[in-house]
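To start, the structure itself, in structure tokens.
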Amino acid sequence: MTSLPDQENHDDGNRLHGEYKVPGGKLVVVDLALREGRFADVSLSGDFFLEPDEALEDINAALTGLPETTPAGEIAAAITAGLPDGTVLFGFSADAVSVAIRRALSKATAWSDHEWEVIPPTVLPTHVNVALDEVLTEEVAAGRRNPTLRFWDWEEPSVVIGSFQSLRNEVDPEGVAKHGITVVRRISGGGAMFMEAGNCITYSLYLPQTLVDGISFADSYAFLDSWVMAALEKLGITAFYVPLNDIATEQGKIGGAAQKRLANGGMLHHVTMSYDIDADKMVEVLRIGKEKLSDKGTRSAKKRVDPLRRQTGLARAAIIDAMQEVFTERYGATESQLSAHELNEAGKRVDAKFGTSAWMNRVP
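Residue numbers (the working numbering): 126 to 489.
Below, the structure written as structure tokens:
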């Protein structure tokens, strides 16, 4: 299910070669050899900018002699420690060099190292959707499924709260009863999502953690959603990340992301974007306090969200089609579907976990 690319990671005799293109930045290339398990003959290159010029040799020297087992974070730390005061790295970073080295060592992977699949929107109960996030992340980590992008679909109006959120603090029981809302808890962190059928676009990426090896937790969000930004740009929307996990345009927030990394090496990256949200109903169902809005530049939750329908004038299906098209073209993805085994396993987990009071009230 994994193949090594010819250009981004190869062993030329005794030389190892790794490349990493910084999202929104420059290309970083590292060539090196291994001698007795340590980095030797290290040569950093790329189309980045670096001042002073001599700092290039300082980086090479800082890397030389490090054990090949050095973790990504320690590689970046060694580079930073070896740079003279006042050094300016523009278009790249110590972390970016670390990623290139880890790719050269086949410890980190690139998008092109994997055979990607896309599961188009499939209408399922919301409990099943959150259970599938756990199941498919495990399946990818175990090598039983290729890394996959899955678009959600559902019919019942729902609220999906983050793994660590308090049920009583986030959800108004009167609003839930009034509007017939299904409330579920997902495995990833982050905030609550108000989801009516057709009012938002939700997708999940299931991937091996090797794809983000050496990339900081914060930077991994934008890295994993670079294809989404390209799709929105194609639709005439310039979107950007507002740290840590909000996706926004100049008109306001359009979405948010959340992640979960499993002990078996699998990773879930999950995003919900507002398409045509009923803001009045949302504030009756969710308890969105002043503290949550305090750093968002707005005093109203309704003003904070600016749906995609208003910004694009396009049908929800057309936006999803554009996203799927860009992802498919960029990563050579093929269309797939959920297997009977995966759906059956998700059903079991709804019964044993996601549909239980114990899970819903794990943070009361």
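The beta carbon of each residue, even a glycine, is placed where N, CA and C say it ideally should be.
Just mark residue i as buried or exposed, buried being the case when its beta carbon has 16 or more other beta carbons within 10 Å.
i, result
"residue 215", "exposed"
"residue 384", "buried"
"residue 422", "At residue 422 the pLDDT is 47, less than 50, meaning the model places this residue with poor confidence; the figure from the coordinates comes in the next sentence. Exposed."
"residue 171", "buried"
"residue 359", "exposed"
"residue 345", "buried"
"residue 473", "exposed"
"residue 466", "exposed"
"residue 365", "exposed"
"residue 311", "buried"
"residue 213", "exposed"
"residue 370", "buried"
"residue 367", "exposed"
"residue 388", "exposed"
"residue 454", "exposed"
"residue 209", "exposed"
"residue 217", "buried"
"residue 211", "exposed"
"residue 464", "exposed"
"residue 319", "buried"
"residue 182", "exposed"
"residue 143", "buried"
"residue 264", "buried"
"residue 280", "exposed"
"residue 315", "buried"
"residue 440", "exposed"
Between residue i and residue j, what straight-line distance do the alpha-carbon atoms span, to the nearest angstrom?
i, j, result
"residue 165", "residue 236", "27 angstroms"
"residue 225", "residue 460", "30 angstroms"
"residue 174", "residue 442", "42 angstroms"
"residue 199", "residue 206", "10 angstroms"
"residue 353", "residue 187", "36 angstroms"
"residue 299", "residue 409", "8 angstroms"
"residue 437", "residue 247", "23 angstroms"
"residue 227", "residue 406", "48 angstroms"
"residue 322", "residue 278", "7 angstroms"
"residue 449", "residue 356", "9 angstroms"
"residue 195", "residue 347", "25 angstroms"
"residue 480", "residue 468", "15 angstroms"
"residue 189", "residue 177", "20 angstroms"
"residue 168", "residue 155", "6 angstroms"
"residue 451", "residue 362", "14 angstroms"
"residue 219", "residue 330", "27 angstroms"
"residue 204", "residue 333", "26 angstroms"
"residue 326", "residue 444", "9 angstroms"
"residue 420", "residue 160", "Here the model assigns residue 420 a pLDDT of 49, short of 50, so the residue's position is not dependable, and the following value carries that caveat. If I take the Cα positions, the gap works out to 51 angstroms."
"residue 462", "residue 351", "24 angstroms"
"residue 179", "residue 233", "28 angstroms"
"residue 391", "residue 269", "12 angstroms"
"residue 425", "residue 396", "The predicted position of residue 425 is uncertain, since its pLDDT is 48 and thus under 50; a value taken from the coordinates is nonetheless stated next. Going by the C-alpha atoms only, they are around 22 angstroms apart."
"residue 292", "residue 349", "29 angstroms"
"residue 282", "residue 402", "11 angstroms"
"residue 398", "residue 381", "7 angstroms"
"residue 458", "residue 245", "12 angstroms"
Quick check on residue i: does DSSP put it in helix, strand or coil?
i, result
"residue 290", "coil"
"residue 345", "helix"
"residue 151", "coil"
"residue 139", "coil"
"residue 249", "coil"
"residue 479", "helix"
"residue 452", "helix"
"residue 273", "strand"
"residue 386", "strand"
"residue 168", "strand"
"residue 317", "coil"
"residue 195", "coil"
"residue 420", "At residue 420 the pLDDT is 49, less than 50, meaning the model places this residue with poor confidence; the figure from the coordinates comes in the next sentence. Of the three classes helix, strand and coil, the one that applies to residue 420 here is coil, per DSSP."
"residue 162", "coil"
"residue 367", "strand"
"residue 406", "helix"
"residue 373", "strand"
"residue 130", "With a pLDDT of 39 at residue 130, under the threshold of 50, the modelled position of this residue cannot be trusted; read the value that follows with caution. Coil at residue 130, not helix or strand."
"residue 468", "helix"
"residue 232", "coil"
Report the CB separation of residue i from residue j in whole angstroms; it is logged as a contact under 8 angstroms.
i, j, result
"residue 400", "residue 432", "6 angstroms"
"residue 286", "residue 317", "5 angstroms"
"residue 139", "residue 158", "5 angstroms"
"residue 260", "residue 475", "Actually they are not in contact, since the Cβ atoms of residue 260 and residue 475 sit about 10 angstroms apart, beyond 8 angstroms."
"residue 201", "residue 231", "Going by Cβ atoms, the distance from residue 201 to residue 231 rounds to 19 angstroms, so no, they are not a contact pair."
"residue 313", "residue 393", "6 angstroms"
"residue 296", "residue 412", "7 angstroms"
"residue 491", "residue 229", "Nothing can be reported for residue 491: it is not among the residues displayed for the chain, which extend from 126 to 489."
Can you confirm whether residue i, when its beta carbon is compared against all beta carbons of chain C, has any partner nearer than 8 angstroms?
i, result
"residue 274", "Among the chains in the structure shown there is no chain C, since it carries only a single protein chain."
Just checking, does the region 370-384 make contact with the region 269-284 on the three C-beta pairs under 8 angstroms criterion?
Between the region 370-384 and the region 269-284, the count of C-beta pairs closer than 8 angstroms stays below three; the two stretches do not touch.
Three-pair Cβ contact test at 8 angstroms for the region 233-253 versus the region 162-181
With a cut-off of 8 angstroms, the region 162-181 and the region 233-253 do not count as touching, because too few Cβ pairs lie within range.
Taking one C-beta from the region 327-339 and one from the region 290-306 each time, how about it: are there three or more such pairs within less than 8 angstroms?
no
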